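Undergrad: Take the sequence shown: its position 24, counting from 1, is numbered 23 in numbering that gives the first Met the number 0, and each next residue is one higher.
The beta-carbon is built from N, C-alpha and C at its ideal position, and this holds for glycine as well.
This structure is a prediction, so every number in the text was calculated from the model and none was measured.
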Amino acid sequence: MNLHNTLTGRVEALAPEQPPEVRMYVCGPTVYGRAHIGNFRSFVATDLLRRALRYKGWRVKEVMNVTDVDDRIIQLAAKAGKDLRSFTAEHIRSFEEDRATLRMDPPELVPRATEHIPDMIGLVQRLIDRGHTYTADGSVYFKIATFPEYGRLSRLDVAGIRSGARVDTDKYDKEDARDFVLWKAKQDEPEWAQWDAPFGRGRPGWHLECSAMSMKYLGETFDLHCGGVDLIFPHHENEIAQSTCATGKAFVRHWMHVTHLLVDNETMSKSKGNFYTIPDLLERGHRPDAVRYLLSAAHYRKPLNFTWDGLHQAATSIDKVQGFARRLDEVDRDGPALAVVEEAVRMARDAFDRALDEDLNTPEALAAVHELVNEGNRLLAEGALTREGAARLRRQLESMDSVFAVLLPGEDRLSTEEQALLDARQEARRKREFQKADEHRKKLEEMGVILEDTPKGTRWRRKH
Numbered sequence: 000m001n002l003h004n005t006l007t008g009r010v011e012a013l014a015p016e017q018p019p020e021v022r023m024y025v026c027g028p029t030v031y032g033r034a035h036i037g038n039f040r041s042f043v044a045t046d047l048l049r050r051a052l053r054y055k056g057w058r059v060k061e062v063m064n065v066t067d068v069d070d071r072i073i074q075l076a077a078k079a080g081k082d083l084r085s086f087t088a089e090h091i092r093s094f095e096e097d098r099a100t101l102r103m104d105p106p107e108l109v110p111r112a113t114e115h116i117p118d119m120i121g122l123v124q125r126l127i128d129r130g131h132t133y134t135a136d137g138s139v140y141f142k143i144a145t146f147p148e149y150g151r152l153s154r155l156d157v158a159g160i161r162s163g164a165r166v167d168t169d170k171y172d173k174e175d176a177r178d179f180v181l182w183k184a185k186q187d188e189p190e191w192a193q194w195d196a197p198f199g200r201g202r203p204g205w206h207l208e209c210s211a212m213s214m215k216y217l218g219e220t221f222d223l224h225c226g227g228v229d230l231i232f233p234h235h236e237n238e239i240a241q242s243t244c245a246t247g248k249a250f251v252r253h254w255m256h257v258t259h260l261l262v263d264n265e266t267m268s269k270s271k272g273n274f275y276t277i278p279d280l281l282e283r284g285h286r287p288d289a290v291r292y293l294l295s296a297a298h299y300r301k302p303l304n305f306t307w308d309g310l311h312q313a314a315t316s317i318d319k320v321q322g323f324a325r326r327l328d329e330v331d332r333d334g335p336a337l338a339v340v341e342e343a344v345r346m347a348r349d350a351f352d353r354a355l356d357e358d359l360n361t362p363e364a365l366a367a368v369h370e371l372v373n374e375g376n377r378l379l380a381e382g383a384l385t386r387e388g389a390a391r392l393r394r395q396l397e398s399m400d401s402v403f404a405v406l407l408p409g410e411d412r413l414s415t416e417e418q419a420l421l422d423a424r425q426e427a428r429r430k431r432e433f434q435k436a437d438e439h440r441k442k443l444e445e446m447g448v449i450l451e452d453t454p455k456g457t458r459w460r461r462k463h
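1) List the endpoints of the continuous beta strand (DSSP E) containing proline 203.
2) Helix, strand or coil for arginine 71, going by three-state DSSP, please let me know.
3) So threonine 258 and proline 302 are in contact, right, with Cβ under 8 angstroms, and what is the actual spacing, rounded?
4) Which residue's Cα is closest to the Cα of alanine 364: Asn373, Leu378, Arg348, Ala289?
5) Classify phenylalanine 94 as helix, strand or coil using the three-state DSSP reduction.
6) Return the bridge partner residues of histidine 253 from the DSSP annotation.
7) Quick one: measure Cβ to Cβ for leucine 52 and methionine 0, integer angstroms, because I've assumed they're closer than 8 angstroms.
8) Just to confirm, is the Cβ distance from leucine 48 to leucine 260 under 8 angstroms?
9) Quick check on leucine 406: does DSSP put it in helix, strand or coil?
10) Between glutamine 321 and the rest of its own chain, which residues show a CB-CB distance below 6 angstroms, the 5 nearest in sequence each way excluded?
11) What number of angstroms, rounded off, separates the C-alpha of lysine 142 from the C-alpha of tryptophan 254?
12) Taking 8 angstroms as the threshold (C-beta atoms), are leucine 181 and glutamine 124 in contact?
13) Mapping DSSP to helix, strand and coil, what is glutamate 444?
14) Which stretch, first to last residue, makes up the alpha helix (DSSP H) that contains glycine 309?
15) Tell me whether asparagine 373 is buried or exposed, calling it buried when 16 or more other Cβ atoms sit within 10 Å of its Cβ.
16) Hey, could you find the ends of the alpha helix (DSSP H) histidine 285 is sitting in?
17) Provide the residue(s) that pair with valine 228 in DSSP beta bridges, ordered along the chain.
18) Only counting the same chain, and skipping five residues up and downstream in sequence, which positions put a Cβ closer than 7 angstroms to that of alanine 423?
19) Are at least three pairs of beta-carbons, each pair with one atom in the stretch 162-175 and one in the stretch 104-119, less than 8 angstroms apart?
20) Would you identify the three-state DSSP class for arginine 469, choosing helix, strand or coil?
21) If we count the other Cβ atoms within 10 Å of its Cβ and call it buried at 16 or more, is alanine 289 buried or exposed?
22) With a floor of 4 residues, list each alpha helix (DSSP H) that falls wholly inside the stretch 28-67, ordered by position along the chain.
23) Name the two residues that bound the continuous alpha helix (DSSP H) containing arginine 9.
24) Going by alpha carbons, who is nearest to alanine 467 out of Arg151, Arg154, Leu155, Ala144?
25) Is the CB-CB distance between threonine 5 and isoleucine 231 below 8 angstroms?
26) Can you name the residues that DSSP bridges to asparagine 4?
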């Protein structure tokens, strides 16, 4: 698989050290609040990558961290009168719920920063021993002048950085690039956000956390590091510096970064009233599979413009594919699969594989899915499909769905009340009581269930 590498600025073949295993690290959530759809744009993209790698035959070991201690978390927890564990627990739980809602596969490992403080202390000590640090006001800082390659990932010109200038905050702009904090000395923060270390009581800097956890579980050099473009600087730039200087080895072979999500072509913010979480969308009546489809439909290196029309179109696209899958299940004509079926499958599979191989081109991969559906619908309309041919098309659709996770009908079921109304309508139609049947149909529509009468029976789907 070819994938854009932020470090080199080129689309390159992903070349893991120990094939067929790919060791992959994803910068996970910072749990001070519920993750929003912009966060999940990045998380769905990395889930698609992981699924695509497995589809191509790779064995993937994914580690996604949870940042459960940083400047903002400490401030908000203290304001709420809670310690770190009790404050972050609810946000970790909500992230896991939303991840499951969007049909994201759970990573093999989900380490929490606060459970790896000894590893972080050890990493700081290695940097101290190698001469890459200094101490000021009790805190330990990384001296970027000791790492000549600093700035390579983010294309940062380091010429203007003043020697000895320091920054203590977790996040800052390129214009404020300077020596960054590895270990923050105890100040006026709560005791529950402090740990003892040989170099003084305090807590880790944000950038240190991911270096310690990724190297613990994936090795000092690993294959793939993923995150949003907002993490390139300073987070990933600082990860490279401290990790490389601690080990004397290259840190990561391949860097993948996902571009921002916009809402109606504007950045998302609460002040603009365009800030949405996954529950916000569900409360408005939108389907989880439509949300995932929309987040998958744009190339990961291009901005994704979220609109309500786009979400409706995503639901329509899914209905088309899932409706096709249901119709395949109803084919009952005997006979072998026609050569035209095998040709349709081959062409769709080849186009799908090419799209994934060339920088995870999900729009082109979805186009291959819809081409297969169009050809299959044509064969269905002509009455040319046998059970064997339909099964062949469905197997190909299942293979594609191992990447997208929204193409096949889910386990959606009617409620007891909805099923009773549907049964009553069927009975009214059997008795030719069409006015009563129409009343039942309208009640179901009001409940969000749309009916479609076909020669082979009545189908239903959820309204979007």
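TA: Concretely, from the data shown:
1) 201-203
2) helix
3) 5 angstroms
4) Arg348
5) helix
6) Leu223
7) 7 angstroms
8) no
9) coil
10) Pro408
11) 24 angstroms
12) no
13) helix
14) 307-328
15) exposed
16) Careful: histidine 285 lies outside any alpha helix (DSSP H) and carries neither H nor E.
17) Note: valine 228 sits in no beta bridge, so no partner.
18) His439
19) no
20) The question about residue 469 has no answer here: the residues shown for the chain are numbered 0 through 463.
21) buried
22) 36-54
23) Unbroken run through arginine 9 is the beta strand (DSSP E), 9-12; no alpha helix (DSSP H).
24) Residue 467 is absent from the structure shown; the chain starts at 0 and stops at 463.
25) yes
26) Arg9
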